[in-house]
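Q: This is the structure I have questions about; it appears just below.
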Amino acid sequence: MNELSFEMESYSSELGKVEISPEVIEVIASIAASDVEGVASMRGSFASGVVERLGKKTHGKGVKVELSETGISIDVYVSMKYGVAIPDVAQKIQDYIRQALLDMTALEATDINVFVVGVQFDSKEKQNEAPEVDY
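Residues in the sequence shown are numbered from 1 upward in steps of one, following our numbering.
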């Protein structure tokens, strides 16, 4: 295992090795977390926000992956929708990421830390919308 990639166990030495970069793990974790009901958005850095405004989609936004001798540690930064049960949604985020990572790479994360960095309310238009009434 080196800093740039994580080497998977090879089942057949004659075929070679398979390496997965941390960026791939970031993308898998970001998409899995975004799929959880109650997640409003992923929070990236200022640089990823600038890049996204210039037209390039950053799929690993809001995720930091650290590879060490002890395993894979994933930090996820999310904004939740107002009114959801934050502990339940955070647990689902951890479950979705763990399962997606296992299914796609056969790797298990040692830590999946969820950081709730914001709460998103409904837009003002939805809140101020009056129901239609027939007279």
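Ideal placement from N, C-alpha and C gives every residue a C-beta, glycine not left out.
In this text the structure is predicted, and so the values were computed from the model without any measurement.
Three or more C-beta pairs under 8 angstroms: does that hold for the segment 22–32 against the segment 81–92?
A: Output reads no: the segment 81–92 does not touch the segment 22–32.
Q: Specify whether the segment 65–77 and the segment 103–122 touch according to this definition: at least 3 beta carbon pairs, one from each stretch, less than 8 angstroms apart.
A: Because the criterion of three Cβ pairs below 8 angstroms is met, the segment 65–77 and the segment 103–122 touch.
Q: Between the C-alpha atoms of residue 93 and residue 36, what's the straight-line distance to the nearest angstrom?
A: Answer to the nearest angstrom: the Cα atoms are 6 angstroms apart.
Q: Output the residue ranges of the beta strand (DSSP E) runs that lie fully inside the segment 51–124 and measure 3 residues or longer, sorted by chain position.
A: Runs of the beta strand (DSSP E) inside the segment 51–124: 63–68, 71–81 and 109–120.
Q: Alpha carbon to alpha carbon, how far is residue 118 from residue 22? Give it in angstroms, no decimals.
A: Near 25 angstroms, if we compare the C-alpha coordinates of residue 118 and residue 22.
Q: To the nearest angstrom, how far is the alpha carbon of residue 98 from that of residue 104?
A: About 10 angstroms.
Q: Helix, strand or coil for residue 21 per DSSP?
A: Reduced to three states, the DSSP call for residue 21 is coil.
Q: Going straight from the alpha carbon of residue 115 to that of residue 74, what length do you get?
A: Residue 115 and residue 74: Cα-Cα distance of roughly 11 angstroms.
Q: Can you pull the DSSP bridge partners for residue 36?
A: Looking at the DSSP assignment, residue 36 forms no beta bridge with any residue, so it has no partner.
Q: Between the alpha carbons of residue 16 and residue 64, how many angstroms are there, rounded?
A: The straight-line gap from Cα to Cα measures roughly 28 angstroms.
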